[in-house]
Structures are given as C-alpha cells and as structure tokens.
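Visitor: The sequence shown begins at -12 in our numbering and counts up by one.
Cβ coordinates follow ideal geometry from the N, Cα and C atoms, glycine included.
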Amino acid sequence: MSPELQKRVQRYGWDKASDYYERCWADQLKPAQELLIEMADLKIGEKVIDIACGTGLVTFRVAEKVGTEGFVLGSDLSDKMIEYSLQYSVHKNQRNTNFQRMDAEELTAEDNYFDASLSALGLMYSPDPFTACKEMNRVIKHGGRAVAAVWGERKNCGWAEIFPIIDARVKSDVCPLFFQLGGGDNLKFTFEQAGFTNIRLKRISTTLYYETAEEASTAVFAGGPVAMAYSRFDEITKQEVHKEYLSSIEQFKNGKGYNIPGEFLVAAGYKNN
Ligand SMILES: C[S@@+](CC[C@H](N)C(=O)[O-])C[C@H]1O[C@@H](n2cnc3c(N)ncnc32)[C@H](O)[C@@H]1O
C-alpha cells in the first residue's frame, strides 16, 4: 500500500473513532499518557505541540500544566478528531489551546518555535516515522524536548491478532509498520537519527480492561487502523472477524470482561543547543 493510501486509511479510519474513542480508550491509554506527561517535565508558560492529538486527552492535561501563560497546539490527521477537540475546548472555555488538522510528517508550524513536542500513541501510524520525528525536532527550540509514546513489543500486546485477522481479507496490510517502533531499540534509533540527544526510554506493562465482549470489539473495529477495511465487509464477514478476534482474546477473559495485556514504550530526547 502506498504511503498516501496508508494515510487515507488512517485519516478516515480515525474519523470513525471520534465519537466513541474516549469510552473505549481513555482508561486504557492513561498509563502511557501519564508517563509521557511526566517525562515531558512541562513548566508554566511553555509552548507545546501535541501531535496526533485525537480527542485532546493529552492536550487538555498539558494545557493545565503550562497554565494560562502557556499554550498547546493539538494537531491530528483526522478532521473529525480536530472538530471534536475544538468543540470540547469551546465547551470548556479553554483559552490556551488550539487545534489544527496536520499530517505528523508535514507540520504546518514554524521552525524552533515550541518548547516541547509530544505524541501519544500516534507515531506508529505514520508510514514514515523518521520524517515525523524530524518534524518533532524541527518545530522545537534548541534545548527543547520531544516525548513520544508508542505500543511496545507485538508479543506483549494481547490484542495484536486483530491485524492478521483483517489483513487476511483485504489486498494489503492495513497498518504494516504498527509494531515496528515498539520493538528493540527502534524508537531510540529513530529519535537519534532525527537529531535528538540524551534519549531516555521507559517500557511499561499494562492491562486493557473491557467490561464486555461488545466493548472489546467496538474498541478495535469501529474506528482506527482497521475501521476502513472493516466498514466495507458484508455482515457475514463482520461476524466472522468478530468471532476470530474474540477467540484470539479468549485467554484473557475474566468473567464477562477481558483483561488484555499490553505494553507501552515512551521515549524522550533533547534538541541540541
Ligand atoms: C490512538 S489515537 C491517539 C490520540 C491521542 N494522542 C491520545 O493519546 O489519546 C491515534 C491518533 O493518531 C492520528 N494519526 C494517525 N496518523 C497520523 C498522521 N500521519 N499525522 C497525524 N496524526 C495521525 C489519528 O487520527 C488518531 O487520532
């Protein structure tokens, strides 16, 4: 699949997620987002860009950290995610945030402008994460920092069978690089190549809890990387993939719910002075 097509799959797949995203993912992603914010060590008055911001879960937390003297720009490839975040910021009367649709590989932001660039669970959707990391580097000041959280090793993420289940029914992989950054030293290497120094890495295990099979399925099928392919399946194929996915996570069943293991990797680095 060409990089352009991969981006369309992400853009429109994530459009489908905006309405239910927080219900299915806010608790599950919290440990990675908290670690990312802790490693960013934000100060009152700082200017921050949150790349692949989704519904703004990290953006609004960061807005509290930098206070009204500071500012956070949330950016995302999905129009619907940006619309959702903008509406919520108006609802909250949040004055120190703004949201704009942008591709992580091509940020429409000045060089050397922000104190920090952040990206929570977004980099691995980029067909070219090296270019996305270079952009994280370009837009921050010398001495500024970048922090990115990605999913960890494939073998430690209990829901990973979702990709082969979908890929078996379409012409090409829906998200070929998904686990690339989470394995070994790949994220560190990508940060180094993009020009960051003093890189720190933290890997944490987590558990994704879903109360029912329906919730566990909605989380992966309704929006996100497989949603475009899934939405085109007929009803019989939809039922088949649900069944296969639930059987792949059966081992994590706990009563009516599921405790699915996962792993996050978070990297922080500095732009040279
Ligand atoms: C798992 S969500 C993470 C959202 C948010 N950062 C959070 O922690 O809740 C992934 C986000 O990455 C965005 N995304 C995917 N590819 C992207 C790209 N090339 N540039 C910018 N955003 C992208 C999606 O639209 C989606 O909102």
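1. Flag Asp160 as yes when its Cβ comes closer than 7 Å to any non-hydrogen atom of ligand 1, and as no otherwise.
2. So, does the stretch 103 to 113 touch the stretch 164 to 184, judging by three or more C-beta pairs under 8 Å?
3. Please confirm whether any heavy atom of ligand 1 lies closer than 7 Å to the CB of Met68.
4. Drop a sphere of 10 angstroms on the beta-carbon of Ile24, count the other beta-carbons inside from all chains shown, and report buried for 16 or more, exposed for fewer.
5. Report the three-state DSSP secondary structure of Val253 (helix, strand or coil).
6. Give me the residue from Tyr232, Leu(-8), Tyr75, Asp102 with the minimum Cα distance to Glu9.
7. Just reading off the beta strand (DSSP E) that Tyr112 is part of, what are its end residues?
8. Find the nearest neighbour of His229 within the set Thr193, Phe150, Glu92, judged by alpha-carbon distance.
9. Let me check you understand the geometry: is the CB of Tyr100 closer than 7 Å to at least one non-hydrogen atom of ligand 2?
10. Alpha carbon to alpha carbon, what distance is there between Ile223 and Leu188?
11. List the whole-angstrom C-beta distance separating Lys258 from Gly109, where the pair is believed to meet the contact cut-off of C-beta under 8 Å.
12. Just curious, the alpha helix (DSSP H) that Trp1 is in, first and last residue?
Guide: Let me lay it out:
1. Answer for Asp160: no, Cβ out of range of ligand 1.
2. Yes, the stretch 103 to 113 touches the stretch 164 to 184.
3. The closest heavy atom of ligand 1 lies less than 7 Å from the beta carbon of Met68.
4. With 16 or more Cβ atoms within 10 Å of its Cβ, Ile24 is classed as buried.
5. Strand, per DSSP.
6. Of the candidates Tyr232, Leu(-8), Tyr75, Asp102, the residue whose Cα lies closest to the Cα of Glu9 is Tyr75.
7. First-last for Tyr112: undefined, no H or E at that position.
8. Closest by C-alpha distance to His229, out of Thr193, Phe150, Glu92, is Phe150.
9. Only ligand 1 can be found as ligands here, which leaves ligand 2 out of the picture.
10. Our two residues, Leu188 and Ile223, have alpha carbons roughly 44 Å apart in a direct line.
11. Wrong, their Cβ atoms sit about 19 Å apart, outside the cutoff.
12. Element bounds for Trp1: -10 to 2.
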